[in-house]
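Heads up: the sequence lines are chains A and B, in that order.
If you count the first sequence from 1, position 161 lands on 161 in our numbering, and the numbers rise without skipping.
If you count the second sequence from 1, position 96 lands on 10096 in our numbering, and the numbers rise without skipping.
Cβ atoms here follow ideal geometry from the backbone N, Cα and C, with glycine treated the same way.
Right, one structure below, let's go through it.
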Amino acid sequence: MKMTLTDLSLRYPRTLLLLVALATVLFSLQFPKVTFDNDPENMLSADEPVRVFHHEVKEKYSLYDFVIVGVVNETDEHGIFNPGTLARIDRLTQELLSLQQGESGLPEVSSFDVSGQKIGQRTIDLNPQSSIQKTLNVAFNHEPNRLFDEQGQSAIIGRELIAPSVVDNIKQADLGSLKLEYLMERAPTSREEALVIRDDAMNNPLYAGTLVSEDEKAICLYIPIQKKIYSYNVATLVRNLTTDWPDTDQVYITGLPVAEDTFGIEMLVQMATSAPMAGLAIFVLLFLFFRNFSLIIAPMVVAIVSVVCTMGLLIGLGYDVHIMSSMIAIFLMPIAVADSVHILSEFYDTYPRFQDKQKTIRYVIGHLFRPMLYTTLTTIAGFASLGTTPIPPVQVFGLHVAFGVGLAWLLSMTLVPAYILLFVPQKQLQQLSEKSEDQTSTKPGGPLNRFLENLGAFSTLRWRPIILLASALIVVAVIGISRIQVNDNPVKWFSPKHEIRVADRVLNSHFGGTYTAYLTLAETQPGQCDCTENSEVMAAEAEKRFGDIYPEAVRTFQNKLEELKSRYKKISSQDVQRAFVELVHLAEQLDSDTTTVWNELADEINYLDPANLTVETLHDRIASLGHIPRKHKEALHNAVALRSDLTGEELLDAALQLTDSYTANSFVDFVYEMQAELTAPTFKKPQMLRYLEELQAHLTASPVVGKTSSAVDSLKKASYELNYLSPPGGLAEDEMVAYQQRNQSFNAIPDTASAVGQVFVQLEGMKKKDSLFHLITRNYEEANVWVQLTSGDNQDMAIVVADLEDYLTINPPPIPLKVEWAGLTYLNVVWQDKMVKGMMTSLISSFIVVLVMMMMLFRSVLFGILAMLPLTITIMISYGIIGLIGKDYDMPVAVLSALTLGLSVDFAIHFLQRARELQKESGSWEQAARQMFKEPAMAISRNAIIIAIGFTPLLLAPLVPYQTVGFFLATIMGVSWLATLFLLPALLTPLKKLAFGSVDNKDD
Amino acid sequence: MKRTALLTLVFLLVSGTPLLAAALTADDIVAKANQASYYAGNDGKADVTMTITAADGGVREREFTILRLNDGPENQKFYVYFKAPADVRKMAFLVWKNVGKDDDRWLWLPALNLKKRIAPGDKRTSFVGSDFFYEDVSGRGLDEDSHQLIEETADSYQIRNEPKDSDSVEFSYYLVWIDKTNFLPRKAEYYDRQGKLYRTVEALKVETVDGIPTVIESKASDLNASTSTLNSFSNISYNNGLQARIFSERFLRRPPREVTR
């Protein structure tokens, strides 16, 4: 049964080779269809609620992904605010805005002369100079000049660009007027002009810490892009446009999209270099062990065929190659090699005994079949369990590796025998066996052999200290594990010296932070209006204002309110509008008895020609008005009679003062005012805006949050500038202070909803249309706070989220609010959380599956548990190390647990299986142990060394996840090798009675 | 007043038509169009309902009354008085259009009891957050563009307008279709530097009011942002005998009868 596959391959070796070649070709034909995906957002499935919400928020507030370009000048006395640097920034802005596709398909930007005048267009070619880079770009289908969509539109959304030359500024101008313009209308020509721009920027709460750094040394341009996939090319474009800049102006490019996109591109380079380099290293090591080229080609072929077929399957099934799946080759290679190394190792060591290829193969497969099947099944279980995690790329990765592992096993069982039969010359093997007969005591790899034999003696004799040491290590590991920091940050996927990391560090030290999260606030039950409460408020307010002067009118008004209240019990906003219409009608009637006449009189006065107007002429003209009742005219005469000093406009003002005191008591105005206040949308209500203001202050107090921006900041700034009074010349110091205090008092949220609404209307009509609506919805019902973090660590974001939750519990909003997070930095937190939980369950479930399999394989609970020990210790120690050295538990680390499970149980299976067989043969554990440390230990050690050393090239990769995998593959191999060869014999020695004592010839 | 306008119209219809048949230059056509759309009568008054539609279909409405007075051959004065929504009620704008130099603008915010002068700035910025620019409301200086008659059909002229100072505006050129019968622009299309159409302004409905062909519904669309604004005009009247006094700062604080009634 177990020989069926091998027998078939030995009978039809050529057919089999042909089949394998055919399959490989078929799968590799899928390669050209490859698509890449390096968007961490895809760690969450597309219909994940938080992701859907993130996109809704982006849509609702017209938010885009940004490429962040920082310009830092540390040398100039005014930092960035010198004419030269600002002119370069202005030119860069204009160039970016002018980006268009030329007829050749290449990008084109406007070119400018020294004075900033446009002088024409120039074409840019972003293709790299180096031919290696060019080849890679061709191979991976990366077109550096792709900066346009299918319609030829620029990848940069020009109208949403945030740069000094194109952001709004509101400032005081001549004659107490207000100027609405761009922050940098044109590049400054003098230091003074540059400093004006500095002051304007610093005085705008939306810009200080966001657009310009508060230390004045840096400016950030936020370039909105249509899709994240353009970010790498946009970054390349910016580098190209700034190559001629002097060294004093340092350009840094960052932002999550750039980091992600750059990572994707470098990942491809790694795929193209790391995996082949690891393959090469393995090949060299194999040669060192077996010194026979034709023999060691077999494991390489197995590895390559399984990697090609697995990747072909993945691409053929239409999956994108993601950061995880790019590592399939790297994970698959050691596993694929491991199986065939076991076969080769045994074949190599036993050939001299049989002197016949077929017989040797049959012997080797005969007793390796079972352990190999089981090691394969356990590895498959380990990786397939990743299919249960809620993270799509990890699922795809796990299931495909599982497929590859199965395929590698199949190939080891069939292709390796067929290959040996056909291609390994008998003569070479003859030499091999002669050599080994010559030196029976020291087989090839002699020193290793001797070492292993000594080790075997040590492990069995000194079992007590070994167990003691292992227990101590476990304790240390547990401490390490308890210190594990679950954290991920895509920027940290780059090694610390990478330009992305450097830019990230520099810009986050100058600014409020380049990591963005959005906090959205919306009323829980929008449109709900409490009619009872509203009518009570109005009744009380009417009493307060008019109770003394028009008691009867107030009574009428309150009765109407009562009637409306009972009529519109079922409240909808439609009814509220209708109720107000009725109230206005009533108010007009009430006014006609009281203020209407005063209004008419006021109009008459207002229209009077001020020329030659004196108290007397005013008197005459008013007296002639037929439609004004006498008592009103008399009141006016009395009011101005004594002001004979006034003439013209001043007299009109004095007269209007009187009428104003009456017209102020208009019911109509009152009703409209109440309507504005009571039906104001959530974020025009002063108390809600004040709540938001305090919430922002609380958020900003967090050390990770550099800055928050909301519509409240715009509102306060606009209110300040609108109300600003410039102090007249020649004031004493205390008078100046009083002026400043007065002006500063307007740097606040206005007191009424109408005032808020009127200031907001000014902001709606700024030069850059609709920029306000990034922070508030157009109906003012929902608000968005732009939260900038100086760190992209999920952990830091999670702290901010938790802290806000506490704040909301302690300080509930005046109107219940739905407070939700969005933004890439927040999405990372969500998938990280899912990942940790998902990995935990997948690890536990596969651990149980493997344990059951082990018990079935060995038909013994004890052996089952023993088999699990090396892997348990390996997992504990490797994660203990992660905790102790303070490395974050991120995605690659999490996925490594599956690899550990798959690989370290292999050694134990081989070891225990052979130990049992040998014990049965020799009848003595001591004897068996000695034998164990010959061929079987050799095979295990060869495997461990090949995999551990073979992947050290990964340590040279500029991407941290690759380094992590390289490092931990070595650690896993080392620890599980030690655990298998030390701990298992050390445990079997005292347990030998229990383990072998009662065993009859039950096995096979 | 009304009679003068009617007489003018009759004169144009009777004696003007043959004259028009003689080749009109592009400059003649835009000058006539400018007169027809911005200078009709000595003064004008209309109630406007402005509907701003966002990309997501959300709608904001504003109601205001606009007064216009021709002040000499080219200069004009505008008074805009807001009536709805409730929070901007009584808010007012005053604009003195000074052809050839900067406009004067004032703003009255009643809830803040605040009158503020607005410094001259870019006229191609949004009018109260709508898709119309200040320039669409008060007109663009004829000398700012060079005009070229591209096509003449049975009922319209198509004029291509290119800015003389291309750095001062966001368009590279715009096309205007001008109705031959009344010289009202039917549609304007604005093209960006890449030659892509990104903005349109259309006259959707034209009616004759007081004998003067008048746009009673117009729409501006921002194709990049997918937003649009519809202006509906009602209670239109010409030659109301508006006093110049109304268009002064005094009448910001206390609005004229012409807008409150």
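Run of the alpha helix (DSSP H) containing residue i, from where it starts to where it stops
i            : result
Glu-694(A)   : 686–701
Ile-10159(B) : Not the alpha helix (DSSP H): Ile-10159(B) falls in the beta strand (DSSP E), residues 10156–10163.
Ala-748(A)   : No alpha helix (DSSP H) holds Ala-748(A); DSSP gives it neither H nor E.
Gly-382(A)   : 357–384
Leu-851(A)   : 824–858
His-342(A)   : 328–354
Ser-566(A)   : 551–567
Thr-532(A)   : 531–546
Residues bridged to residue i [DSSP beta-bridge criterion]
i            : result
Val-819(A)   : Leu-521(A)
Trp-10108(B) : Ala-10092(B), Lys-10115(B)
Met-10050(B) : Arg-10062(B), Asn-10231(B)
Pro-10213(B) : Thr-10208(B)
Pro-107(A)   : Gln-101(A)
Trp-9971(B)  : No information on residue 9971(B) is available, as it lies outside the stretch 10001 to 10261 that chain B covers here.
Arg-122(A)   : Val-109(A)
Leu-221(A)   : Val-69(A)
Lys-10045(B) : Leu-10067(B), Ser-10237(B)
Asp-249(A)   : Asn-73(A)
Gln-10076(B) : Asn-10070(B), Lys-10097(B)
Residue i - containing beta strand (DSSP E), residue span
i            : result
Leu-10024(B) : Here Leu-10024(B) belongs to no beta strand (DSSP E), and DSSP marks it neither H nor E.
Glu-10207(B) : 10197–10209
Phe-511(A)   : First-last for Phe-511(A): undefined, no H or E at that position.
Glu-181(A)   : 177–182
Thr-809(A)   : From DSSP, Thr-809(A) is part of no beta strand (DSSP E) but of the alpha helix (DSSP H) over 794–810.
Glu-782(A)   : 782–789
Asn-169(A)   : 168–172
Lys-717(A)   : That residue, Lys-717(A), is in no beta strand (DSSP E); its alpha helix (DSSP H) goes 711–723.
Glu-10152(B) : 10145–10152
Inter-residue CB distance, residue i and residue j (contact presumed, cutoff 8 Å)
i            : j            : result
Leu-386(A)   : Gln-395(A)   : 6 Å
Val-905(A)   : Val-850(A)   : 6 Å
Asp-168(A)   : Lys-768(A)   : 5 Å
Ile-484(A)   : Gly-792(A)   : Ile-484(A) to Gly-792(A), Cβ: 19 Å. No contact.
Glu-935(A)   : Asp-349(A)   : 5 Å
Met-891(A)   : Met-835(A)   : 6 Å
Arg-10254(B) : Ala-755(A)   : The Cβ separation is near 19 Å, so there is no contact.
Thr-663(A)   : Ile-605(A)   : Not really, about 11 Å apart at Cβ, beyond 8 Å.
Phe-746(A)   : Asn-723(A)   : 4 Å
Gly-10139(B) : Tyr-10038(B) : 4 Å
Tyr-252(A)   : Val-401(A)   : About 38 Å; that fails the 8 Å criterion.
Lys-357(A)   : Ile-420(A)   : 6 Å
- Message: Quick check: the stretch 896–916 of chain A against the stretch 301–311 of chain A, are at least 3 beta-carbon pairs closer than 8 Å?
- Response: These segments do not touch.
Would you mind listing the alpha helix (DSSP H) stretches within the stretch 19–72 of chain A that are 4+ residues and don't spill past its ends, in chain order? Segments of the alpha helix (DSSP H) lying fully in the stretch 19–72 of chain A: 49–60.
Next on the checklist: Using a Cβ distance threshold of 8 Å, determine whether the stretch 10209–10221 of chain B contacts the stretch 10235–10255 of chain B, with at least three qualifying pairs required.
Outcome noted: As far as the Cβ criterion goes, the stretch 10209–10221 of chain B touches the stretch 10235–10255 of chain B, which means the pair count is three or higher.
Do the stretch 791–803 of chain A and the stretch 697–708 of chain A meet, that is, are 3 or more Cβ pairs less than 8 Å apart? At 8 Å Cβ cutoff, the stretches touch.
Practice prompt. Taking 8 Å as the threshold, find out whether the stretch 130–138 of chain A comes into contact with the stretch 172–191 of chain A through three or more Cβ pairs.
Written response: Counting C-beta pairs with one atom in each stretch, the stretch 130–138 of chain A and the stretch 172–191 of chain A have fewer than three that are closer than 8 Å, which means they do not touch.
TODO: Tell me the start and end of each unbroken beta strand (DSSP E) in the stretch 579–650 of chain A that is at least 3 residues and wholly inside, in chain order.
DONE: Along the length of the stretch 579–650 of chain A, whole beta strand (DSSP E) runs at least 3 residues long do not occur.
Exercise for review: Would you check if the stretch 939–952 of chain A and the stretch 860–868 of chain A touch, i.e. whether three or more CB-CB distances between them fall below 8 Å?
Suggested key: With contact defined as three or more Cβ pairs closer than 8 Å, the stretch 860–868 of chain A and the stretch 939–952 of chain A are not in contact.
Practice problem: Ignoring anything shorter than 3 residues or poking outside the stretch 921–1000 of chain A, list the beta strand (DSSP E) runs there in chain order. | Solution: If you keep only unbroken beta strand (DSSP E) runs of at least 3 residues inside the stretch 921–1000 of chain A, you get nothing at all.
TODO: Determine contact between the stretch 355–371 of chain A and the stretch 292–303 of chain A, defined as no fewer than three beta-carbon pairs at a distance below 8 Å.
DONE: Flag = no, the stretch 355–371 of chain A and the stretch 292–303 of chain A do not touch.
Exercise for review: Identify every run of the alpha helix (DSSP H) within the stretch 875–926 of chain A, keeping only runs that are complete inside it and at least 4 residues long; order them along the chain.
Suggested key: The stretch 875–926 of chain A contains these whole alpha helix (DSSP H) runs: 891–922.
*At least 3 beta-carbon pairs within less than 8 Å: the stretch 812–830 of chain A vs the stretch 41–50 of chain A*: The stretch 812–830 of chain A is in contact with the stretch 41–50 of chain A.
Notebook entry, point to check: Would you say the stretch 10047–10061 of chain B touches the stretch 10120–10131 of chain B, given that touching needs at least three Cβ pairs under 8 Å?
Noted result: Yes, the stretch 10047–10061 of chain B touches the stretch 10120–10131 of chain B.
Count Cβ pairs between the stretch 140–156 of chain A and the stretch 734–743 of chain A that sit closer than 8 Å; are there 3 or more? Under the Cβ criterion (8 Å, minimum of three pairs), the stretch 140–156 of chain A does not count as touching the stretch 734–743 of chain A.
message: Can you confirm whether the stretch 708–720 of chain A touches the stretch 197–210 of chain A when touching is taken to mean that 3 or more C-beta pairs between the two stretches lie within less than 8 Å?
response: Three or more Cβ pairs closer than 8 Å define a contact, and the stretch 197–210 of chain A meets that threshold against the stretch 708–720 of chain A.
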